[in-house]
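**Q** One structure coming up, written as structure tokens, with questions to follow.
Residue numbers (the numbering used here): 50 to 185.
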């Protein structure tokens, strides 16, 4: 595995409009990017903390992954994302080791990253996302 750092922590929220002011006004962070990822039925907002980010996730459809998550568990931490190099090789290695994967091949995520998720059943209940920035 070629892990670099915590890329971001994803937090499911009912409303970006309601959640962003807390992070900006109470914690002093600046939302630097809001983006919709239509394929995942989600709208995201990003904040930098050192080398890592906080990603707020609002469902754009009730049947989207974030909408279902909030219905089942409420707002809160949704996933932990780890920056990697050579995401395809990492996925192959994990697959060969018998790790249950949600994505066997990367897909496009917010901010143009290549992403893939590991199943929480394989990671002690934590949804892990591998991310690779191939543009920088």
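The C-beta atom is built at its ideal place from N, Cα and C for all residues, glycine as well. All values reported here derive from a predicted model rather than from experimental measurement.
Here's the rule I'm using: 16 or more other beta-carbon atoms within 10 Å means buried, otherwise exposed. How should residue 82 be labelled?
**A** Exposed is the call here.
**Q** Would you kindly work out how many angstroms separate the C-alpha atoms of residue 127 and residue 93, rounded to a whole number?
**A** Roughly 13 Å separates the two Cα atoms.
**Q** Pairs of beta-carbons, one from the stretch 116-133 and one from the stretch 147-155, closer than 8 Å: are there three or more?
**A** Segments in contact, no.
**Q** Please list the terminal residues of the continuous beta strand (DSSP E) segment that includes residue 92.
**A** Taken as a continuous stretch (DSSP letters only), the beta strand (DSSP E) holding residue 92 covers 91-98.
**Q** So, under 8 Å CB-CB, residue 176 and residue 169 are touching, yes? Tell me the CB distance rounded to an integer number of Å.
**A** Confirmed, Cβ separation roughly 5 Å.
**Q** What's the call for residue 139, buried or exposed, on a 16-neighbour Cβ count within 10 Å?
**A** Residue 139 should be labelled buried.
**Q** So, is residue 71 buried or exposed, given that buried needs 16 or more other C-beta atoms within 10 angstroms?
**A** Exposed, because fewer than 16 other Cβ atoms sit within 10 Å of the Cβ of residue 71.
**Q** Quick check: the Cα distance between residue 95 and residue 102, rounded to an integer number of angstroms?
**A** If I take the Cα positions, the gap works out to 7 Å.
**Q** Assuming residue 121 is part of the alpha helix (DSSP H), what are its boundary residues?
**A** It spans 114-122 - the alpha helix (DSSP H) in which residue 121 sits, taken as one unbroken run.
**Q** Check each candidate in 161, 125 and 162 and name the one with the smallest Cα separation from residue 58.
**A** The option with the nearest alpha carbon to residue 58 is 125.
**Q** With residue 163 as the anchor, note down where its beta strand (DSSP E) starts and where it stops.
**A** Start and end: 163-167.
**Q** I'd like the span of the alpha helix (DSSP H) that includes residue 88, first residue to last.
**A** Taken as a continuous stretch (DSSP letters only), residue 88 belongs to no alpha helix (DSSP H), as it is neither H nor E.
**Q** How long is the line joining the alpha carbons of residue 41 and residue 84, rounded to whole angstroms?
**A** A question about residue 41 goes unanswered here, because the residues of the chain that appear run from 50 up to 185.
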